[in-house]
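K.L.:
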Amino acid sequence: MPQGVPPAPSVPPGAPPKPDGSPFLTWLRTPRPQAAPGVWRFGHRPRPEQEPEQIPARQLISGALIAFLVGWLVWSLLWNGYLGAWWVLPLELFTPDSWRQGNDRVGNAILWYSYYTVIALAILLVVGRLGRWGEVWRRYGPRAWRPATPAAAPPPAPDQDPAEWPQLRQAGAYEAAERLAAEARAGLMRDVDHARISRAWQSVRSGRHTLAGFTGAVLQDGAAACPHPSGDRDLPARHARHDLLTGQVRLGTTADDPRNPYHYRGAGLALGPDLLGTSLLAVGPAGSGKTGAVVRPLAESLCLHALAGRASVVVVGAAGAGLGPAEAYDVVVRVGHPDSVYDLDLYGGTTDPDEAAAILAEALVGDLADPHPGSDSRRSTTVLAQLLGPFRAVHDRFPSVPELRQLLDGAPGPLAALRKGLTDTGHASLLRELDARERQMAHPGDVGTVLADRIALLDRPAFAAFFDTSGQSRPFSLRALDHPVRVRIDLPQRGHADASRILARLVLAQFTASVTVREDRSLFACLLLDDATGVVTPEAVRGIQRLRSANAGTVLTLRTLDDVPRPLRGPLLGATGCRMALSGLTPWDGQDFAEVWGKEWTETRDVTDRQIIAETPAGKAVHMLRRVITGQAPTARAVTVRQVERERWSASELAHGVPPGHAVLSLTTVRGEHAPPLLVDLRG
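Per full-length UniProt numbering, numbering of the sequence shown is gapless, rising by one per residue and ending at 684.
1) Mind reading off the beta-carbon distance from residue 265 to residue 256? Whole number of angstroms is fine, and I expect it under 8 angstroms.
2) Taking 9 angstroms as the threshold (C-beta atoms), are residue 554 and residue 694 in contact?
3) If we call anything under 9 angstroms between Cβ atoms a contact, is residue 275 one with residue 38?
4) Can you give me the C-alpha to C-alpha distance between residue 571 and residue 539, rounded to a whole angstrom?
5) Using the C-alpha atoms, what's the distance from residue 43 back to residue 55?
6) So, with DSSP's three-state summary, where would you put residue 662?
7) On the DSSP letters alone, give me the boundaries of the alpha helix (DSSP H) that residue 507 sits inside.
8) When DSSP labels each residue in this structure, what does residue 591 get in the three-state scheme?
9) Just the Cα atoms here: how many angstroms apart are residue 541 and residue 318?
10) Please check the pair residue 179 and residue 679, which I expect to be a contact at CB under 8 angstroms, by giving their CB distance rounded to whole angstroms.
11) In three-state DSSP terms, what is residue 463?
12) Between which two residues does the alpha helix (DSSP H) holding residue 441 run?
13) For residue 489 versus residue 344, is the C-beta distance shorter than 9 angstroms?
14) For a test of the three-state rule: what should DSSP assign to residue 117, helix, strand or coil?
15) Taking the alpha helix (DSSP H) that residue 239 falls in, what are its first and last residues?
16) Using beta carbons (cut-off 9 angstroms, strictly below), is residue 222 in contact with chain B?
17) Quick one: using the 10 Å Cβ neighbour count with 16 as the cut-off for buried, is residue 366 buried or exposed?
18) For residue 242 and residue 447, what's the separation of their Cα atoms in angstroms?
19) What residue does the alpha helix (DSSP H) around residue 32 start on, and which one ends it?
20) Let me check understanding here. Comparing Cα to Cα, which of 385, 438 and 202 lies closest to residue 409?
21) Between which residues of its own chain and residue 183 is the CB-CB distance below 6 angstroms, once the five residues before and five after are set aside?
22) Just to check my reading of the structure: residue 288 and residue 584 have Cβ atoms closer than 8 angstroms, yes? What is that Cβ distance to the nearest angstrom?
23) Bridge partners for residue 638 per DSSP, in chain order?
24) With DSSP collapsed to three states, give me the class of residue 679.
25) Report all residues from its chain with a CB closer than 6 angstroms to the CB of residue 683; omit the five preceding and five following residues, and keep chain order.
26) Going by beta-carbon coordinates alone, are residue 74 and residue 123 separated by less than 9 angstroms?
27) By Cβ distance, which residues of its chain are closer than 7 angstroms to residue 670, with the 5 residues on each side in sequence left out?
28) Runs of 3 residues minimum, wholly inside the segment 298-380: which ones carry the beta strand (DSSP E) assignment?
29) Go through its chain and collect everything with a Cβ distance to residue 384's Cβ below 6 angstroms, but skip five positions before and after it.
30) According to DSSP, simplified to helix, strand and coil, what is residue 129?
31) Taking 8 angstroms as the limit between beta carbons, can you name the residues of its chain near residue 546, skipping five residues before and five after?
32) Roughly how many angstroms separate the alpha carbons of residue 582 and residue 272, rounded to a whole number?
33) I'd like the list of long-range same chain contacts for residue 282, defined as Cβ closer than 6 angstroms, with 5 residues on each side in sequence excluded.
34) Give me the DSSP bridge partner(s) of residue 554.
35) Taking a contact to mean a Cβ-Cβ separation below 9 angstroms, would you say residue 308 touches residue 199 in this structure?
36) For my contact list, residue 534 and residue 563 are in at a C-beta cut-off of 8 angstroms; report their separation, rounded to the angstrom.
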């Protein structure tokens, strides 16, 4: 192209430019019908609850052919007069003789051939209905050769168009609605903006914010109004399909399998806060897709919800586990990494020594406690409280890891200094706690020894800069979940596996303790724990059971249920409303899932073939000829239909019948709606 020649226009001259907001408007106006739990509602086309009776192809084609031959035979008999003249009686009854016997040959021909056509059409209608020709046409006709394309939905009415913000107009905020509608048409609004402003409008309706403040923010900033504290309006990248209007993230497609209910087959499978509020447990071996196909999309979805002001999320996993880039989070705690900006608060941000002792005891020795009543967890809490209370009374802070280790070891110097500090500061009443601690240290089997050994796992050079209580670092506390915050905690599993399990239990204990005491529970809080090995304890199971009423939930993944003590497997499966068994499960793990999913009544058919015995010479000859032709003896088939109770998914089916990249998932919503175990393709 010669230099100086302007480029060709992207649209024909005079044609109006296509609005940049058309993709957003199409997304916003796409229908989202109500559906069963777990169905991807974006553009969903509901199917019948029951599967329609499907005629086998061989029977359908043979029936249509036989009906055609019968119709041809009837027409031949009528045309050749083999059935007599009775079939012309209707013509004789309803037409005058002059029409049929006149000299007008053309008129007679038209009359008779019209009558023949009516008779032929009547025969075709009857045999076509008997032979199901319409079903043959629908199944094998030209319409079946072309892929079905959904019809374009008509544009919604202005008072029902979500892009026009009718809820704002009804409340009198016309100027704000006009500004937002203009931003949407101009392509300046995205799905996160729509969800964030809708959340802010809900706050206005509930009385937490004023209408004047909301309107002023919208008129000033448009689609960027009511921003997230980080200022972000989207994630750096998205790897899953999200629908923030319904709050769902698509994980896969429900397989077209007879074991799935008919109205689920072929539908998208999606999860949202209404399902995660009952917590999710995913079990599968390494490489089955727990992190990439389950945890990563859910973490991405909850981060989008946090940007919209709807949720707060904490994602815990090993460093480098692929849980999203650091830019997608507000707080990234890299325990054991020298470049970590944030620290982890060992005591969960509380100032109550008893509460701090209970949380820390759960983290240190929760996995060692007996799952039955009367365990050592209470003794561990008491031991820690005997030290944390006096230390905080003297220093106005909790002890650091080295200081707590010395106190648990019973070092004479730190205990004597603490005793002197209590006396000097006027807290002599707390000396009883130290006296009790010293008496218990003299007894064999003291729990303090176990606590000292466990806290020593955190008193390593790699963690020297972490768990600081002097105020020199930036500790993160899970009490910040009152705000829409995005948090990722990287655990140092390489070389510090035991310490990582302690920290995972600590985060879970702090999460359950923090979200259950929030004043504002309209914000959904979720903890995603990638690899919950050694984390499930009796107190953790009780904490998960309390999350549902606090508008919170957890997502736990395990390689096998053997990582959970046998007495806790049933309570754990019962405490989580959503349960996922991925491909490659062991039969003994499958047995636990089969028991919790229970049984259902199903219809079985028992087919019995009974040999027919011929008694006459002619019958014996026919049977002999049939045996020579078919190679089998003549039999009579008897079918018995029974209702039996069988497991929804047996342990053998879960271990050997789930294809790679698939999972069996059962769902429960916070409202109590259930979905049976579904075979899901996580790759679609």
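Virtual Cβ for every residue (Gly too), placed ideally from N, Cα, C.
P.N.:
If we stick to the structure as given:
1) Position 265 of the sequence shown, counted from the start, is the residue given in the question as residue 265. Position 256 of the sequence shown, counted from the start, is the residue given in the question as residue 256. Contact flag correct, Cβ pair sits at about 5 angstroms.
2) For the chain, the structure presents residues 1 to 684; residue 694 sits outside this window and is missing.
3) Position 275 of the sequence shown, counting from 1, holds the residue named residue 275. Position 38 of the sequence shown, counting from 1, holds the residue named residue 38. A contact, by the Cβ cut-off of 9 angstroms.
4) The residue you call residue 571 lines up with position 571 of the sequence shown. The residue you call residue 539 lines up with position 539 of the sequence shown. One C-alpha to the other measures close to 11 angstroms.
5) Position 55 of the sequence shown holds residue 55. Position 43 of the sequence shown holds residue 43. Their backbone Cα atoms lie some 29 angstroms apart in a straight line.
6) Against the sequence shown, residue 662 aligns to sequence position 662. Residue 662: strand per DSSP, three-state reduction.
7) Mapped onto the sequence shown, residue 507 falls at position 507. Here the alpha helix (DSSP H) through residue 507 covers 497-515.
8) One-based indexing of the sequence shown puts residue 591 at position 591. Residue 591: helix per DSSP, three-state reduction.
9) Reading the sequence shown from its first residue, position 541 is the one you call residue 541. Reading the sequence shown from its first residue, position 318 is the one you call residue 318. Approximately 22 angstroms between the Cα atoms of the pair.
10) As a working note, residue 179 is residue 179 in the sequence shown. As a working note, residue 679 is residue 679 in the sequence shown. Actually they do not touch by this definition, with Cβ atoms about 47 angstroms apart.
11) If you number the sequence shown from 1, residue 463 lands on position 463. Here residue 463 sits in helix by DSSP.
12) Taking the sequence shown and counting its residues from 1, one reaches residue 441 at position 441. Note, residue 441: alpha helix (DSSP H), 431-441.
13) The residue you call residue 489 lines up with position 489 of the sequence shown. The residue you call residue 344 lines up with position 344 of the sequence shown. Cβ distance < 9 angstroms, so residue 489 and residue 344 count as in contact.
14) As a first step, residue 117 must be located in the sequence shown, where it is residue number 117. Of the three classes helix, strand and coil, the one that applies to residue 117 here is helix, per DSSP.
15) For the purposes of this step, residue 239 is taken as residue 239 along the sequence shown, with counting starting at 1. Element bounds for residue 239: n/a, residue is neither H nor E.
16) Structure shown: chain B not included; a single protein chain is present.
17) In the sequence shown, counting from the first residue as 1, residue 366 sits at position 366. Buried is the call here.
18) For the purposes of this step, residue 242 is taken as residue 242 along the sequence shown, with counting starting at 1. For the purposes of this step, residue 447 is taken as residue 447 along the sequence shown, with counting starting at 1. Each residue's Cα considered, the two are about 49 angstroms apart.
19) As a working mapping, residue 32 is identified with position 32 in the sequence shown. Unbroken run through residue 32: none, as it is neither H nor E.
20) Residue mapping note: residue 409 aligns to position 409 of the sequence shown, counting from 1. With distances taken between Cα atoms, residue 409 lies closest to 438.
21) Start at 1 with the first residue of the sequence shown, and residue 183 comes out as number 183. Cβ neighbours of residue 183 beyond the five flanking positions: 189, 222 and 223.
22) If you number the sequence shown from 1, residue 288 lands on position 288. If you number the sequence shown from 1, residue 584 lands on position 584. Going by Cβ atoms, the distance from residue 288 to residue 584 rounds to 5 angstroms, so yes, they are a contact pair.
23) Here the question's residue 638 lines up with position 638 in the sequence shown. According to DSSP, which records beta bridges pairwise, residue 638 is partnered with 608.
24) For this step, residue 679 is matched to residue 679 along the sequence shown. Strand.
25) Indexing the sequence shown from 1 puts residue 683 at position 683. 661.
26) The count along the sequence shown starts at 1 and reaches residue 74 at position 74. The count along the sequence shown starts at 1 and reaches residue 123 at position 123. In this structure, residue 123 lies closer than 9 angstroms to residue 74 by Cβ.
27) Start at 1 with the first residue of the sequence shown, and residue 670 comes out as number 670. Counting only Cβ-Cβ distances below 7 angstroms, and skipping sequence neighbours, we find 274, 277, 278 and 548.
28) 311-318 and 331-334
29) One-based indexing of the sequence shown puts residue 384 at position 384. Excluding positions up to five away in sequence, the list reads 357, 360 and 361.
30) Here the question's residue 129 lines up with position 129 in the sequence shown. Helix, per DSSP.
31) As a first step, residue 546 is located in the sequence shown; it is residue number 546 there, counting from the start. Closer than 8 angstroms at Cβ, skipping near neighbours: 512 and 516.
32) One-based indexing of the sequence shown puts residue 582 at position 582. One-based indexing of the sequence shown puts residue 272 at position 272. Rounded to whole angstroms, residue 582 to residue 272 spans 20 angstroms at the Cα level.
33) On the sequence shown, residue 282 is found 282 positions in, with the first residue counted as 1. Excluding residues within five positions, the ones whose Cβ falls inside 6 angstroms are 290, 294, 557 and 580.
34) By one-based count along the sequence shown, residue 554 stands at place 554. According to DSSP, residue 554 bridges with 527.
35) Position 308 of the sequence shown holds residue 308. Position 199 of the sequence shown holds residue 199. Against a cut-off of 9 angstroms, the Cβ pair of residue 199 and residue 308 comes out as a contact.
36) As a position in the sequence shown, residue 534 is number 534, starting the count at 1. As a position in the sequence shown, residue 563 is number 563, starting the count at 1. About 7 angstroms; that satisfies the 8 angstroms criterion.
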